[in-house]
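Engineer:
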Amino acid sequence: MKIRSLKYILKESFKNAYRNKLMSLASISIISAALILFGGFYLILVNLNHNLDILYAQPQMQAYCLPTLTDQQISGIETEIKNNKYIESYSIVTKKEAFEQFKKFLADDKSNEGGANILEGYDESSMNVSFIIKVKDPQNSKLVASQLRALAGMENVKYSQQTIDLIATVSRWVRIVSLVLIGVLLIVSLFIISNTIKLTVFARRKEINIMKYIGATDWFIRWPFIFEGILIGLTGALFAFVIISYLYGFTQPRVTSNLATLGDGFEIMDYKYVWSTLVFFYLGVSALIGASGSVMSIRKHLHV
Numbered sequence: 001m002k003i004r005s006l007k008y009i010l011k012e013s014f015k016n017a018y019r020n021k022l023m024s025l026a027s028i029s030i031i032s033a034a035l036i037l038f039g040g041f042y043l044i045l046v047n048l049n050h051n052l053d054i055l056y057a058q059p060q061m062q063a064y065c066l067p068t069l070t071d072q073q074i075s076g077i078e079t080e081i082k083n084n085k086y087i088e089s090y091s092i093v094t095k096k097e098a099f100e101q102f103k104k105f106l107a108d109d110k111s112n113e114g115g116a117n118i119l120e121g122y123d124e125s126s127m128n129v130s131f132i133i134k135v136k137d138p139q140n141s142k143l144v145a146s147q148l149r150a151l152a153g154m155e156n157v158k159y160s161q162q163t164i165d166l167i168a169t170v171s172r173w174v175r176i177v178s179l180v181l182i183g184v185l186l187i188v189s190l191f192i193i194s195n196t197i198k199l200t201v202f203a204r205r206k207e208i209n210i211m212k213y214i215g216a217t218d219w220f221i222r223w224p225f226i227f228e229g230i231l232i233g234l235t236g237a238l239f240a241f242v243i244i245s246y247l248y249g250f251t252q253p254r255v256t257s258n259l260a261t262l263g264d265g266f267e268i269m270d271y272k273y274v275w276s277t278l279v280f281f282y283l284g285v286s287a288l289i290g291a292s293g294s295v296m297s298i299r300k301h302l303h304v
């Protein structure tokens, strides 16, 4: 494509978009809304999966032995855990360590003013020896928990499968809902861009006939309309990116501080780790929507 032709195409694209300001603005608004919605759901999904990975990487369960077990019986349970093919690693919390943790918990609990009185009559011997266990595949947590509960001398087994299942379920539904809503908005965007281009074609029908008469090629006539659609799409993407960036930057530190109350490990990813994927998606999808809407309109309403 020659430089002169490119200049003409870009000039006509801007002129056409300005000529139909209201329809162009409507198209930009719908595309921005669709991309903001996608960006919001994308960032939610990324953070849900990120925290799911954090949960997977942590020890998933803690198995408590009866406090009356002998050292030999505890060694037997440890052997069973060591030989379990589903368990990746484990560590032991002794009675002394458990008692120290309990005392620290009472000391840190501001609502408990009589912590010292609660400890009266308790010592290390009343504590449980426990095993902190990491399963190779978190999906096998339920199976491993049932195997551990079946061991003689095992009092209780706690694991975070419910939390993992909850996050996985929320992530799946967010993905489904986002795809449906974004799909609807993208269809609406295509429709509005198509109508915007159709108005431009109708307004310039005489000029187009003259261009055809003097020998202009079909693609020479098509390109300004295609670039107009791409321009509208990219403008919508720009607004969407600015808005979603501001919203994420505003909410990220506040949500992170609230998540800290749920325990260590829960966090919202820093925007610098996710913005690049969002930019490339916004650029690609917005340009594709704009060009597709233009092509649809030209094919239907421009007989060239």
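For reference, each letter of the sequence shown is one residue, going 1 to 304 in the UniProt record's numbering.
Don't be surprised by glycine CBs; every beta carbon is placed ideally from N, CA and C.
#1: So, helix, strand or coil for valine 285, using DSSP?
#2: Which of the three DSSP states is assigned to glutamine 60 in this structure?
#3: My guess is that leucine 278 and glycine 40 are in contact by the Cβ rule of under 8 Å, so how many angstroms apart are they, rounded?
#4: With a 10 Å radius around its C-beta and 16 neighbouring C-beta atoms as the bar for buried, classify leucine 43 as buried or exposed.
#5: Can you pull the DSSP bridge partners for serine 91?
#6: Here's the rule I'm using: 16 or more other beta-carbon atoms within 10 Å means buried, otherwise exposed. How should leucine 179 be labelled?
#7: Mapping the DSSP letters down to three states, classify glutamate 80 as helix, strand or coil.
#8: Compare the C-alpha of alanine 240 against each of Leu283, Ile192, Asn20 and Val295 and name the closest.
#9: Would you kindly check if the distance between the Cβ of phenylalanine 225 and the Cβ of serine 294 is under 7 Å?
#10: I think valine 157 touches alanine 63, with their Cβ atoms under 8 Å apart; what is that distance to the nearest whole Å?
#11: Which residues does DSSP pair with lysine 158 in a beta bridge?
#12: Distance check for aspartate 137 and isoleucine 81, CA to CA, integer angstroms please.
#13: Going by other Cβ atoms of all chains shown within 10 Å of its Cβ, with 16 needed for buried, is leucine 22 buried or exposed?
#14: Can you find the residues in the same chain that come closer than 7 Å, C-beta to C-beta, to glutamate 12, ignoring five residues on each side of it along the sequence?
#15: Using the Cα positions of aspartate 53 and lysine 212, report the straight-line distance between them to the nearest angstrom.
#16: State the start and end residues of the unbroken alpha helix (DSSP H) segment that holds leucine 148.
#17: Taking the C-alpha atoms as reference points, what is the distance between phenylalanine 227 and isoleucine 31?
#18: Is it true that the CB of glutamate 267 sits closer than 7 Å to the CB of threonine 251?
#19: Could you compute how far the alpha carbon of isoleucine 74 sits from the alpha carbon of cysteine 65?
#20: Check proline 224 in the structure and name its three-state DSSP category.
#21: Taking just the CA atoms, how far does arginine 172 sit from valine 46?
#22: Suppose the cutoff is 6 Å on Cβ atoms and the five residues either side in sequence are ignored; what does the same chain contact list for valine 93 look like?
#23: Report back the beta-carbon spacing between serine 24 and isoleucine 232 to the nearest angstrom; my notes put them in contact at under 8 Å.
#24: Report yes if the C-beta distance between methionine 61 and isoleucine 176 is below 7 Å; otherwise report no.
#25: Suppose you measure from the CA of leucine 189 to the CA of isoleucine 289; what does that come to, to the nearest Å?
#26: Measuring only the C-alpha atoms, how far is glutamine 101 from isoleucine 244?
#27: Does the Cβ-Cβ distance between isoleucine 91 and isoleucine 192 come in under 7 Å?
#28: Measure the alpha-carbon distance for threonine 217 versus isoleucine 210 and round it to whole angstroms.
#29: How would you label glycine 229, buried or exposed, when you count the other beta carbons within 10 angstroms and need 16 or more for buried?
Structural biologist: In short:
#1: On the sequence shown, position 285 is the one that residue 285 refers to. Helix.
#2: Counting from 1 along the sequence shown, the entry for residue 60 is found at position 60. Glutamine 60: coil per DSSP, three-state reduction.
#3: Stepping through the sequence shown from its first residue, residue 278 is reached at position 278. Stepping through the sequence shown from its first residue, residue 40 is reached at position 40. At roughly 11 Å, the Cβ-Cβ gap does not stay under 8 Å, so leucine 278 and glycine 40 are not in contact.
#4: In the sequence shown, residue 43 corresponds to position 43, counting from 1. Its Cβ being crowded by 16 or more others within 10 Å, leucine 43 is buried.
#5: Your numbering for residue 91 matches position 91 in the sequence shown. Bridge partners of serine 91: Ile132.
#6: Within the sequence shown, residue 179 is the residue found at index 179, counting from 1. Exposed is the call here.
#7: Here residue 80 refers to the residue found at position 80 when the sequence shown is read from its first residue. Under the three-state reduction of DSSP output, glutamate 80 falls in the helix class.
#8: Along the sequence shown, one-based indexing puts residue 240 at 240. Taking alanine 240 as reference, the option from Leu283, Ile192, Asn20 and Val295 with the minimal CA-CA separation is Leu283.
#9: Taking the first residue of the sequence shown as position 1, residue 294 is located at position 294. Taking the first residue of the sequence shown as position 1, residue 225 is located at position 225. Cβ distance < 7 Å, so serine 294 and phenylalanine 225 count as in contact.
#10: Residue mapping note: residue 157 aligns to position 157 of the sequence shown, counting from 1. Residue mapping note: residue 63 aligns to position 63 of the sequence shown, counting from 1. Right, the Cβ-Cβ distance comes to about 5 Å (below 8 Å), so this counts as a contact.
#11: In the sequence shown, residue 158 corresponds to position 158, counting from 1. Looking at the DSSP output, lysine 158 bridges to Gln62.
#12: Numbered from its first residue, the sequence shown carries residue 81 at position 81. Numbered from its first residue, the sequence shown carries residue 137 at position 137. So the two alpha carbons sit approximately 15 Å from each other.
#13: Indexing the sequence shown from 1 puts residue 22 at position 22. Exposed is the call here.
#14: Locating residue 12 in the sequence shown gives position 12, where the first residue counts as 1. Hits under 7 Å: Pro224.
#15: Residue mapping note: residue 53 aligns to position 53 of the sequence shown, counting from 1. Residue mapping note: residue 212 aligns to position 212 of the sequence shown, counting from 1. For aspartate 53 and lysine 212, the distance between alpha carbons rounds to 60 Å.
#16: Working through the sequence shown from its first residue, we reach residue 148 at position 148. Leucine 148 -> alpha helix (DSSP H) spans 141-149.
#17: As a working note, residue 227 is residue 227 in the sequence shown. As a working note, residue 31 is residue 31 in the sequence shown. In this structure, the straight-line span from the alpha carbon of phenylalanine 227 to that of isoleucine 31 is close to 16 Å.
#18: The residue given as residue 251 occupies position 251 in the sequence shown. The residue given as residue 267 occupies position 267 in the sequence shown. The Cβ atoms of threonine 251 and glutamate 267 do not sit closer than 7 Å to each other.
#19: Taking the first residue of the sequence shown as position 1, residue 74 is located at position 74. Taking the first residue of the sequence shown as position 1, residue 65 is located at position 65. Straight across, the Cα-Cα distance linking isoleucine 74 with cysteine 65 is about 8 Å.
#20: Counted from its first residue, the sequence shown places residue 224 at position 224. Correct three-state label for proline 224: helix.
#21: Looking up residue 46 in the sequence shown gives position 46. Looking up residue 172 in the sequence shown gives position 172. Inter-residue distance for valine 46 and arginine 172 is about 12 Å (C-alpha atoms, whole angstroms).
#22: For the purposes of this step, residue 93 is taken as residue 93 along the sequence shown, with counting starting at 1. Once the five neighbours on either side are set aside, the close Cβ partners of valine 93 are Ser130.
#23: Position 24 of the sequence shown, counted from the first residue, corresponds to residue 24. Position 232 of the sequence shown, counted from the first residue, corresponds to residue 232. At roughly 6 Å, the Cβ-Cβ gap stays under 8 Å, so serine 24 and isoleucine 232 are in contact.
#24: As a first step, residue 61 must be located in the sequence shown, where it is residue number 61. As a first step, residue 176 must be located in the sequence shown, where it is residue number 176. Not a contact, by the Cβ cut-off of 7 Å.
#25: Indexing the sequence shown from 1 puts residue 189 at position 189. Indexing the sequence shown from 1 puts residue 289 at position 289. Note on residue identity: the sequence assigns serine, not leucine, to residue 189. Rounded to whole angstroms, serine 189 and isoleucine 289 show a C-alpha spacing of 7 Å.
#26: Translated into positions along the sequence shown, residue 101 becomes position 101. Translated into positions along the sequence shown, residue 244 becomes position 244. If I take the Cα positions, the gap works out to 43 Å.
#27: Here the question's residue 91 lines up with position 91 in the sequence shown. Here the question's residue 192 lines up with position 192 in the sequence shown. The sequence as given places serine at residue 91; isoleucine does not occur at that position. Not in contact: serine 91 and isoleucine 192 (Cβ atoms no closer than 7 Å).
#28: Looking up residue 217 in the sequence shown gives position 217. Looking up residue 210 in the sequence shown gives position 210. Looking at the backbone, the Cα of threonine 217 and that of isoleucine 210 are separated by about 12 Å.
#29: Position 229 of the sequence shown, counted from the first residue, corresponds to residue 229. Glycine 229 should be labelled buried.
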